[in-house]
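Structure record follows, encoded as structure tokens.
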Amino acid sequence: MKSITGIDLSTLITECLWRAHDAGAHIICITCDGAASNQTMAIYLRASLHHAALRGTFIHPADGSTIFYMPDAVHMIKLLRNTLKANKELFYDGNKQVSFI
């Protein structure tokens, strides 16, 4: 089965936001895991969790209110745990070691 793209996800989220608005629901946050398709979706919604362009909100298409885009914290901690288990040492900027002490 082919996975859904970030562009398709952003289209679905936008449609859901419109339908929820029409039904009288007030959406204030969207939460998801850190999958690549979800990151792409965030970009198409005009949000981003990329460290160089951090923007954790986007504008509701129906009423102009702010919607928060937030990764699932428990899932992110699990990813960090798995990364630390798989990689005993982490580096950034090519050669700077990450210290957790």
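What the sequence shown shows, in my numbering, is residues 679 to 779, in sequence order. We put the CB at the ideal spot given by N, CA and C, even for glycine.
Distance from the Cα of H699 is smallest, within the candidate group Y770, D741 and G772, for D741. Scanning G684, K763, G772 and L762 for the CA closest to the CA of A725 turns up G684. A contact between stretches requires three or more CB pairs, one per stretch, nearer than 8 angstroms, and the stretch 715-734 fails this requirement with the stretch 759-775. DSSP places R733 in the strand class (E or B) of the three-state scheme. Under the 10 Å beta carbon count, I737 is surrounded by fewer than 16 other beta carbons and is classified as exposed. Under the three-state reduction of DSSP output, I708 falls in the strand class. For T692, the enclosing alpha helix (DSSP H) covers residues G684 to D700.
Close CB contacts of T718 within its chain, under the 6 angstroms cut and outside five residues either way in sequence, are with G684 (chain order). The DSSP-derived three-state label of S715 is helix. For P749, the enclosing beta strand (DSSP E) begins and ends at T744 to P749.
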